[in-house]
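Enquirer:
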Amino acid sequence: MKSSKLSFLRYLLIDKLIRSKQYPFPSKQRLLDKCSEEFGVNSPSTIEKDIQALRYEFDAPLAYNKREGGYYYTDSSYKLLGVSLTGEHLEALNFVETFLEEFKDLPVLGSFSTAVDKVLDGLEITKKFKNEKKEQFENYIQIEKSLYTKGTSIFSELISATKDHKVINIAYKKFGALYEDNYTFHPYLLKEFKGLWYITGYAENRQGIRTLAIDRVQGIEQQSQLVFFEPHQVDFNRDVYFKNCLGVTLKGNPQEIRLLFNGEYAANFIKNTPIHETQEVIAENHNGLEVKLRLVDNMELRSLILSWGNQVEVLSPFALRKGIANEIKKLAQRY
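Residue 19 is where the sequence shown starts when you use our numbering, and the numbers rise one by one after that.
#1: By the DSSP assignment, the beta strand (DSSP E) with Gln240 in it spans what residues?
#2: Do Ala78 and Leu98 count as a contact pair if the criterion is CB distance below 9 angstroms?
#3: Apart from the five residues on each side of it in sequence, which residues of its chain come closer than 6 angstroms, Cβ to Cβ, to Tyr259?
#4: Can you list, in chain order, the residues of its chain with a C-beta nearer than 8 angstroms to that of Ala337? Leave out the 5 residues immediately preceding and following it.
#5: Count the C-beta pairs between the region 184-200 and the region 240-257 that are closer than 8 angstroms, then say yes if the count reaches three, no if not.
#6: Within the same chain, show all residues whose beta-carbon is closer than 7 angstroms to that of Ser45, passing over the 5 residues directly before and after it, in chain order.
#7: Arg228 and Thr218: beta carbons closer than 9 angstroms?
#8: Name the two residues that bound the continuous alpha helix (DSSP H) containing Ile288.
#9: Can you round the beta-carbon distance between Gly341 and Arg320 to whole angstroms, since I take them to be within the 8 angstroms contact cut?
#10: Which residue marks the beginning of the beta strand (DSSP E) containing Phe246, and which one marks its end?
#11: Any idea which residues DSSP pairs Asp199 with across the strands?
#12: Decide yes or no for the touch test of the region 272-283 against the region 325-337: beta carbon pairs closer than 8 angstroms, at least 3 of them.
#13: Which residue from Leu311, Arg73, Tyr206 puts its Cα closest to that of Asn255?
#14: Under three-state DSSP, which class holds Val330?
#15: Take the Cβ of Asp253 as the centre, count every other Cβ of all protein chains shown within 10 Å, and call the residue buried at 16 or more, exposed below.
#16: Under 9 angstroms, do Glu175 and Ile238 count as touching if we go by C-beta distance?
#17: With a cut-off of 8 angstroms on the beta carbons, I'd call Ala221 and Phe203 a contact; round off their distance for me.
#18: Assign Arg73 to buried or exposed, taking buried as 16 or more other Cβ atoms, counted over all protein chains shown, within 10 Å of its Cβ.
#19: Within the same chain, show all residues whose beta-carbon is closer than 7 angstroms to that of Asn262, passing over the 5 residues directly before and after it, in chain order.
#20: Are the beta-carbon atoms of Leu324 and Glu345 separated by less than 9 angstroms?
#21: Determine the burial state of Gly265: buried for a count of at least 16 other Cβ atoms within 10 Å of its Cβ, exposed for fewer.
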């Protein structure tokens with residue numbers, strides 16, 4: 019172990035001993051004995067140097083009490099690496115935990131609540147504060163929860179395989195398919211869209227990048243004998259792959275798309291909540307709000323356009339305009 023790391027571990031132990039309420043005012047000999055048990059330190063001078071380091075490098079209010087024959091902190095609230103948070107900061111911690119409630123059953127995140135507890139305990143915040151605040155948030159925050167019909171085990175396995183760069187075999191069944199497909203998969207990216215999760219990676223037996231819906235995954239088997247292909251080896255860039263895509267369906271090349279939102283509500287909503295990061299406002303007048311985007315023409319984009327009904331008009335490209343018109347005609351025939 020590096021000497022700097024060993025020194026820091028001794029600082030932590032000494033700090034803990036000084037703050038001990040069961041054995042207050044530890045003597046230099048007690049500090050030496052404990053450091054000897056933990057780290058094999060046998061030199062009193064090492065403890066003296068550690069005490070000086072705490073005083074001058076970490077601003078520890080460390081003093082010696084002659085009557086008690088040991089060390090103490092003149093500021094009882096001091097703690098090595100302690101963090102001072104306001105009530106507002108503490109509320110923020112609990113607020114985040116409330117939002118992560120949906121994922122609490124995932125093994126990969128299963129220790130989150132415990133971790134938060136340790137942080138709060140480290141700050142010497144009582145559980146009463148935490149529980150009271152959490153109950154308050156639950157009274158006025160309601161989160162739309164996704165239903166993972168396949169459970170959490172598959173999701174966690176995919177996270178682990180992606181993080182650890184492991185090749186996996188995925189048994190996959192598309193909607194309406196009679197049989198399963200199998201993919202020798204090198205996972206690179208997990209992506210969420212409208213409450214559903216997808217895994218993107220290189221399908222070795224298909225020789226191409228594929229995106230699979232996690233709720234359609236039937237099973238996973240690790241292929242430890244296979245070498246993992248790094249993203250650059252298959253020309254995959256996770257930062258740009260979905261850059262011009264709404265959702266996860268990549269179909270064709272990105273193109274300029276112009277939309278006119280002619281309803282007051284629609285115009286204000288789209289202006290303040292852009293459809294995509296490529297959105298630009300072209301004009302805003304009595305005709306409505308005209309925006310330009312650079313996206314691939316896919317199912318997700320068409321579904322969004324149709325969801326706005328008569329409050330939006332596709333100006334270009336012609337193929338997208340015609341496609342939306344055909345969908346509207348089919349819809350009209352149903353009513």
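Using N, Cα and C, we set each Cβ at its ideal position, and we do this for glycine too.
Expert: Taking the definition as stated:
#1: Per DSSP, Gln240 belongs to the beta strand (DSSP E) from 235-240.
#2: yes
#3: If we look at Tyr259 and ignore the five residues flanking it on each side, it has no Cβ neighbours.
#4: Asp315
#5: yes
#6: Here Ser45 has Gly87, Gly88 as same chain residues with Cβ atoms under 7 angstroms from its own Cβ, once five neighbours each way along the sequence are excluded.
#7: yes
#8: 282-290
#9: 7 angstroms
#10: Element bounds for Phe246: n/a, residue is neither H nor E.
#11: Tyr190
#12: Counting C-beta pairs closer than 8 angstroms gives three or more between the region 272-283 and the region 325-337, which meets the contact rule.
#13: Tyr206
#14: strand
#15: Its Cβ having fewer than 16 others within 10 Å, Asp253 is exposed.
#16: yes
#17: Contact flag correct, Cβ pair sits at about 6 angstroms.
#18: exposed
#19: Pro272, Thr296, Arg312, Leu313, Val314
#20: Less than 9 angstroms divides the Cβ of Leu324 from the Cβ of Glu345.
#21: buried
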